[in-house]
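Before any comments, here is the structure.
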Amino acid sequence: MEARADAHIPRPETVEHVLVDTEEALAAWVAEGLEAGVVAVDTETDGLTPMRANLVGISLATRPGRACYIPLAHIDPSTPKEGAGGLDFGDGAPPPRQVPLARALAILKPLLEHPGVLKVGHNIKFDWQMFAKHGVTVAPIDDTMLRSYVIGGGRHGHGMDELAQRHLGVTTISFDEVTGTGKNRITFDRVPLDKATAYAAEDADITLRLWHVLRHDVLADRMVTVYETIERPLVPVVARMEMEGVLVDRQVLKELSNDFAKRLVELEAEIHVLAGRTFNVGSPKQLGEILFDEMKLSGGKKSAKTGAWSTDSSVLEELADLGIPICQKVMDWRQFAKLKSTYTDTLGEQINPGTGRVHTSFALAATSTGRLSSTDPNLQNIPIRTEEGRKIRRAFVAAPGNRIMSVDYSQIELRIVAEMAGIPALQQAFRDGIDIHAMTASQVFNVPLDQMTSEIRRRAKAINFGIIYGISSFGLSRQLGISAGEAGAFIKAYFERFPELQAYMEKTKAEAARDGYVRTLLGRKCWIQGIQEKGARKAYAERQAINAPIQGTAADIIKLAMIKLPGALAEAGLNARMLLQVHDELLFEVPDAEVEATSALVRQVMEGAADIGIPLVAEAGVGLSWAEAH
DNA sequence: ATCGCTTAG
DNA sequence: GTCCACTAAGCGATT
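Numbering (our numbering), first residue to last: 165 to 794.
This is the structure:
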């Protein structure tokens, strides 16, 4: 099935990859696209982040083997680079003949916006954004990367080069081959037009050919509903969200950086005194040698891989609890070093000079469970758990006249477990709206609710989390700091109280072993690598198999809510903008006067995004910053 | 490039 | 007997 010579779309008999550099030729391609009803589109730019990149050229494919490249902003390769020094006028040959960008977009717009012509891209979110920046709203769309993702999420990658090889047996021209690598790399606008045409037209051609194959494969794999109701409609929603960006207050970050720098200097000096000599506190290797070779502390563990002393937080915490002062200092140092290097020093540099806001990129096909991920910068792991870290959220602010609103699902993964595993006791608890951790604690440890202690509740909460992670006595014992035997007894008690859960877990593992994948409630496939193996690898795969349907169903549900929200807000005449998604939370910027109406509507849409049986609950918080809203 | 560690849900 | 209780991304040190 994988590397078959494809039965549905033969290899093109002729390959025409042509350069388009006149308006007449471009108009003819547009006519051809309108006639075809399906075109593949690809944009070439001078950068990877759409909010900073400039459009350099566009390629179109109208049938397999027939594609063109329309250069728009190419310059002569000998033109001196910006900022390279020297006089920047008069050097280099004049630019090659090209259709003026505005003219080209005007000619292409009727095709790209035509409701009867499907525009296919590979990761079309990027291209959609490039066109949106120039006033073109591409629709309807299709995406070969996302088609591959719904079929093979967790089993293989979804890059175009990889898919071309696997599905078409074609080795594509690599980007590196065209632009060079390292410090010799040139931006695409300097690539000579013959090379640029060969590369860019091929990309559109391959995308169209992949579309023919993957359209069939998604259908044959019965993944059409997931693709058409979740992945595809999410593209313009996430595209707009990224372009909106979030307002970040540089001054707040600057002050925090200064504060953290001061603390780091102090802590470093104290650590060196306690160590008896100077060393690089940021080097785990040197720290391990100080603690376990020189200070001869006990309780050291060597990592299996490199044989180096482990100095992670669990090790340091144990030693700190024994009253070893250097360990607490190192933990504090690490916290500030992390906050400064990853957040306060870096986020300010990510503010886009054009918009004054920070635009993350959400990857739509990066995880094995259906979750999004966030990069450049990652805005899904902004600190919240410690007081110092949480201060960073003060820098994420609303524009004047607006508020930040955070709306998150309450206990969504446990609700999903209760539903998928069919656990009546848990389902009833959620219907009654009672404290779920206290309730499970009461059931598992035989403690009446009115005699519940925070310690017992804490243990039950840890077990509830453990269930979601594909519980093991080893993992739970580490989490709770108890023996594996005790942890095993807790798990046994839990299964006795909720026997449906154990049955569900066994069934899920068996399915994964039989099929190689598991499914979410909405039908998404999550492939599980290593489930056919033995021992620890199999156990690991089994825990993934337990977790994936739970995490993946939550991902499906919030995606459905995101898809519904723009229309629901518009229909209600509300002007809130969705800014971020953090797995079970959506962040909005809301006009002051619309806070109440928006809060009610967003909660309603999120709670009604999917009917999983038991009710979903969403809770909203509002403030001038993300810190206040949460 | 990879490791070790830390941040989030 | 097991690097791993699940999913991610990024930084500095090290190779």
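By construction, the Cβ of each residue, glycine as well, lies at the ideal position given by its N, Cα and C atoms.
| Check | Outcome |
| --- | --- |
| How many whole angstroms separate the CB atoms of residue 786 and residue 567, which I take to be in contact at a CB cut-off of 8 Å? | 5 Å |
| Determine the DSSP secondary structure at residue 742, reduced to helix, strand or coil. | strand |
| At what residues does the alpha helix (DSSP H) containing residue 257 begin and finish? | Premise fails: residue 257 is in no alpha helix (DSSP H) and is neither H nor E. |
| With DSSP collapsed to three states, give me the class of residue 180. | strand |
| Does DSSP classify residue 250 as helix, strand or coil? | Reliability of the predicted coordinates at residue 250 is poor, the pLDDT of 47 falling under 50, and no value is obtained from them. |
| Go through its chain and collect everything with a Cβ distance to residue 123's Cβ below 8 Å, but skip five positions before and after it. | An answer regarding residue 123 cannot be provided, because it is not within the stretch 165 to 794 covered by the chain. |
| Compare the C-alpha of residue 738 against each of 759, 727, 726 and name the closest. | 759 |
| Have a look at 390, 368, 690, 513 and flag the residue whose alpha-carbon is nearest the alpha-carbon of residue 412. | 513 |
| Does the structure place the stretch 693 to 702 close enough to the stretch 640 to 650 that three or more beta carbon pairs sit under 8 Å? | no |
| Among the candidates 521, 532, 432, whose CA atom is the shortest distance from the CA of residue 489? | 432 |
| So what does DSSP say about residue 788, is it helix, strand or coil? | coil |
| Which term fits residue 211, buried or exposed, when burial requires 16 or more other beta carbons within 10 angstroms of its beta carbon? | exposed |
| Can you give the beta carbon distance from residue 662 to residue 590, rounded, assuming they're within the 8 Å contact cut? | 7 Å |
| By Cβ distance below 8 Å, which residues in the same chain neighbour residue 360 in space, the five residues on each side in sequence not counted? | 208, 221, 233, 235, 238, 342, 352 |
| Taking buried to mean at least 16 other C-beta atoms within 10 Å of its own C-beta, is residue 608 buried or exposed? | buried |
| According to DSSP, residue 232 sits in a beta bridge with which residue or residues? | 182, 224 |
| Distance, Cα to Cα, residue 794 vs residue 560? | 12 Å |
| Are residue 510 and residue 541 touching if we call contact CB-CB under 9 Å? | yes |
| Along the chain, which unbroken stretches of the beta strand (DSSP E) at least 3 residues long are found entirely within the stretch 666 to 703? | 681 to 683, 689 to 691 |
| Tell me, please, whether the stretch 382 to 394 touches the stretch 313 to 321 by the rule of three or more beta-carbon pairs shorter than 8 Å. | yes |
| What three-state label does DSSP hand residue 749 in the structure shown? | strand |
| Check each candidate in 289, 284, 302 and name the one with the smallest Cα separation from residue 269. | 302 |
| Check the DSSP bridge columns for residue 285 and list the partner residues they point to. | 307 |
| If you follow the alpha helix (DSSP H) that residue 569 is in, where does it begin and where does it stop? | Segment 566 to 573 is the beta strand (DSSP E) holding residue 569; no alpha helix (DSSP H) there. |
| Ordered along the chain, which non-local residues of its own chain (more than five positions away) have a Cβ less than 7 Å from that of residue 732? | 765, 769 |
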